Structure formats: C-alpha cells, structure tokens
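Novice: Have a look at the structure that comes next, please.
Protein chains: 2
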Amino acid sequence: MSLDREELLGTAAEVLTRRPTSSMDEIARAAGISRATLHRHFAGRDALVRALEDLGLRRLDAALDAARTEEGDAAEAVRRVVAQAEPLAGFLAFLVTENQLFEPGEQHPGWERIDARIAALFRRGQDEGTFRIDLTPAWLTEALYALITAAAWAVQDGRVAARDSVRMTVELLLGGARRSMER
Amino acid sequence: MSLDREELLGTAAEVLTRRPTSSMDEIARAAGISRATLHRHFAGRDALVRALEDLGLRRLDAALDAARTEEGDAAEAVRRVVAQAEPLAGFLAFLVTENQLFEPGEQHPGWERIDARIAALFRRGQDEGTFRIDLTPAWLTEALYALITAAAWAVQDGRVAARDSVRMTVELLLGGARRSMER
DNA sequence: AGCATACGAGACACGAACGTCTCATCGATT
DNA sequence: AATCGATGAGACGTTCGTGTCTCGTATGCT
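Those sequence lines, one after another, are chains H and A.
Those letters in the first sequence? Residues 1 to 183, per UniProt numbering, in order.
Those letters in the second sequence? Residues 1 to 183, per UniProt numbering, in order.
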C-alpha cells in the first residue's frame, strides 16, 4: 500500500501530464494514498512541483546519457536524443508551462546544464561540418524541444501516427539542420 | 475612457499573453475599466476566453490572407506565413494551452479550417515537387505552429535575437520540408 | 504481546477568484 | 434642465483548492 517516494513522484508526473490543473487530492487518489499522506511527503504543491522538476531533469539527463550524445555521427546522435526524449515529451511540456508561471530568474539552474549538453551536440555537428552554421545551437536546441512536444501532442490528438512520431521529428529537425551538401 | 469591445479584447489578449493566469480584475484594470463593466461585456471568464479564441482565429485568418498562401512559390508562401504569424505567436500559445484544459472534442471548429489552409499550402508544395512527401502536411502544419511559438519564447528569454526570429524559423522549417534536390 | 510508526478519513480555517448585486455618479441626448 | 444609459466602486455569497490538525486504525518491528 505504501508507495516509495520515487513511485509517488512518478504517478504525480503522470497525472499532471494528463491534466496540469489536477488538485492535490486528485494526485493523491491517483497514487492510492490520502491527501494527508501526500502532504507528509511534500510540504505543499510548490514542493511537489520542485521535486517533479528535479525528476524531469534527472530523466532528461538519463535520456541524454542513453543517447550517447558525444559518440559517433552528430546527426545519428540527434536521432538517438529524440528517440530517448520522446517518451518524456508530455511531462516536460508540463514542466515548461509550469515554469512559465514562475517569475523570471528563479528557474531551476539544472535546465541550463541540459540545454548546454544539447547545444554542445549541435555545435559539435557544426564543427564537424555536418550541420549548417547559420542556425545557432541555442535555436536548434529550442527547436528540438518544440518539435518533440509538438509531435507528442499531434500523436495524442491523432494527427500523427505514434510509430511515425520520432521519424517525423528527426527528419524535420535534421533536414533543417543538416547542411545541403550532406543530404 | 470607454473602450470599444474590440479594443477590450485586444488588451485582454495582451494581458493574458503576458500572464495566462491573470484574474478578471487584472484584465479589467489593464483595460482601464472596472470588473463590473468587464462582466457586462463578457458574461464570465469562459465567455471572454471564447471571444478571445474568435479573435485569435480572425487574426490568424487575416495573417494567412495577407500571406497570400495560394500565390507563387510554396516555399516563399511559407516564408510569408511565418512572417505574418510571428507577431501572433504569444497570443496563439496562450489559446493553445487554454484549449488544452478543455475537454477533448469541444474545441472551436474554426481551428480545423485554419489547419486546413496551412496544410493545403504544404500539400501544394508537395504536389509542385518543392516539398518532400515523406512528411505529412498535418505534421508540417503542427511543426509550423511549434516553431513559431518556440521562436517567440526564445526571443523573449533572450536566447535568440528578435531580428533573427523569422529567418531562423523559416530556415529550419523549410530546410526540413524542402526536397534535397531543391536546395 | 506491546509499542511505534505511518496511514486514512475527516473536520476546520484561510485565501483567492468568481459571479451577482446595489447604489451613487457622470455624461450624453433630447 | 431633465432624463436615460453606462460606468465605477464596493459589498456579498459561493466555490474551490490549500494547508493544518485530530483521531482512530492498521501495519510492522522488537
């Protein structure tokens, strides 16, 4: 009956991904515990969201590790990143919109590190001559996030087949980032 | 002092674009009227959001008209669409996230028409041989929305220069959509 | 068996935002 | 000048989510 704190975070992420406005009570019910117990684990909604932010960063970090961003062809590495990050899309979208509500400047510093890892991948591709240099790594990173979440929503709404999601995302992203001579 | 209903909608759109959680009172203050008067124009928050949805659709429609989506080279038409829609990015992002909270199925039917107009442009490009056919028009439409809003956020956060916004968006989108032989 | 810890259920107060209403005032029209 | 309509200010009740608390119970450990 009693859940590990980590599992608790997992189900909270699930519920809030489905409906970002879910109340503490709904989250507790979904986890099979009472609201009181949820409060015993997390002081309040803020604390829970902060913990979820940590979880998201850990998961994304793990995804980047699994994608081996520093190995092999940069384009292939991007493909692996998209494939690894795709299951996290909905959850990350929740965190982003949640961050949007906070005051600017107090965002979790962990995001910068993640951004830097992805941007470094694009920069490597530019240095190796695979990616065009007239699009900045920062923009390509932003576009990667945007396309992954867009693909997740499109799948959820039935506008894109789930099995095509990763391919569509990667093809559009790489097609834009790849230099013409590499095609 | 007294505002036209249309101007009222405009400032409401502005305020909610900046902070999607703004209260009715904040919206009224920003428009220079009282909460009571705001309620005289719009029965409630729901009604206001619906009216804003209409406004967004009208603006986007006008943007597509101005972009002359059915004229000339499809790639150039896409460029014009992005340029025309870019100023609407923040506002549209608000509407999308607001729609996300509604129950599925009760979304404004106007969106389908807009989607169809943009998808038709991509389909035309495919028929004319300018765009690759392994990415569906529906996905390219989705990607267009996603990249425009991503660019707006990136500009707002200082990660992309405002004057590069349209170019970066178009280059990435077209680079991905354009067939390799067209490069 | 005894005890400690964690849990569920529920009650309570607080705050925020909403929707409704009243009333006084201001301005424009006639 | 008189009147009508729209407005601003504010009070009021309601709803919803939150955070805190208590109390009875169950689970698990010694």
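Here a beta-carbon is modelled for each residue, glycine too, at the ideal position from N, C-alpha and C.
Source: prediction; values computed, not measured.
Assuming Ala31(H) and Leu55(H) form a contact by the criterion Cβ under 8 Å, report the distance between their Cβ atoms to the nearest whole angstrom.
Specialist: In fact, because the Cβ distance is near 14 Å, the residues do not count as touching under 8 Å.
Novice: Please name the residues in the region 81-113 of chain A whose beta-carbon is closer than 7 Å to at least one beta-carbon of chain H, in chain order.
Specialist: Thr97 and Leu101
Novice: Check whether the region 145-156 of chain H touches the region 77-95 of chain H, counting contact only when three or more Cβ pairs, one atom from each stretch, lie closer than 8 Å.
Specialist: Because the criterion of three Cβ pairs below 8 Å is met, the region 145-156 of chain H and the region 77-95 of chain H touch.
Novice: Quick check: the Cα distance between Arg159(H) and Ser34(A), rounded to an integer number of angstroms?
Specialist: 42 Å
Novice: For Glu171(H), count neighbouring Cβ atoms within 10 angstroms of its own Cβ and tell me buried if that reaches 16, exposed if not.
Specialist: It counts as buried.
Novice: What whole-angstrom Cβ distance do Ala75(H) and Gly125(H) have, given they're in contact under 8 Å?
Specialist: 7 Å
Novice: Met168(H) versus chain A: which residues are under 7 Å apart at the beta carbon?
Specialist: Leu135 and Trp139
Novice: Compute the Euclidean distance between the alpha carbons of Phe42(H) and Asp134(A), then round it to the nearest angstrom.
Specialist: Roughly 47 Å separates the two Cα atoms.
Novice: Could you list which residues in chain H have their beta carbon closer than 7 Å to that of Arg5(A), in chain order?
Specialist: Near Arg5(A) there are no residues of chain H at all, since even the closest Cβ is about 28 Å away, more than 7 Å.
Novice: Classify His41(H) as helix, strand or coil using the three-state DSSP reduction.
Specialist: helix
Novice: I need the straight-line Cα distance from Arg113(H) to Leu144(A), nearest angstrom please.
Specialist: 27 Å
Novice: Just tell me which of Ala13(H), Thr37(H), Glu70(H) and Glu26(H) has its CA closest to the CA of Glu53(H).
Specialist: Considering only alpha carbons, the answer is Ala13(H).
Novice: If the criterion is Cβ atoms closer than 8 Å, does the pair Ala83(A) and Leu60(A) meet it?
Specialist: no
Novice: When you compare only the Cα positions, how much space is there between Ala154(H) and Ala28(A)?
Specialist: 35 Å
Novice: Can you grab the Cα-Cα spacing for the pair Thr11(A) / Val166(H), in whole Å?
Specialist: 39 Å
Novice: Could you work out which residues of chain A lie near Thr21(H), taking near to mean beta carbons separated by less than 9 Å?
Specialist: The answer, in chain order, is Leu101.
Novice: Show which residues of chain H have a CB atom less than 7 Å away from the CB atom of Arg159(A).
Specialist: Ala138 and Glu142
Novice: How long is the line joining the alpha carbons of Thr141(A) and Trp111(A), rounded to whole angstroms?
Specialist: Straight-line Cα distance between these residues: approximately 12 Å.
Novice: Looking at the unbroken alpha helix (DSSP H) that takes in Ile148(H), where does it start and where does it end?
Specialist: Pro137 to Gln156
Novice: Within 8 Å (strictly less), CB to CB, does Ala154(H) reach chain A?
Specialist: yes
Novice: Cβ atoms of Met24(A) and Arg50(A): under 8 Å apart, would you say?
Specialist: No, the pair does not count as a contact, with Cβ atoms beyond the cut-off.
Novice: Counting only runs of 4+ residues fully inside the region 5-82 of chain H, write out the alpha helix (DSSP H) ranges in chain order.
Specialist: 5-18, 24-31, 35-41 and 45-67
Novice: If you check the beta carbons only, do Val81(A) and Ala93(A) fall under 8 Å apart?
Specialist: no
Novice: For Arg5(H) and Leu57(H), I'd like the C-alpha separation in whole angstroms.
Specialist: 17 Å
Novice: Could one say the Cβ of Ala146(H) lies closer than 8 Å to chain A's Cβ atoms, at least one of them?
Specialist: yes
Novice: Whole angstroms are fine: how far does the CA of Arg40(A) sit from the CA of Ala161(H)?
Specialist: 45 Å
Novice: Helix, strand or coil for Phe102(H) per DSSP?
Specialist: In this structure, Phe102(H) counts as coil in the three-state DSSP scheme.
Novice: Do the CB positions of Arg117(H) and Thr169(H) come within less than 8 Å of each other?
Specialist: no
Novice: Please state whether DSSP places Gln107(H) in a helix, a strand or coil.
Specialist: coil
Novice: Nearest to Ala138(A) by CA position, among Thr130(H), Phe131(H) and Asp157(H), is which residue?
Specialist: Asp157(H)
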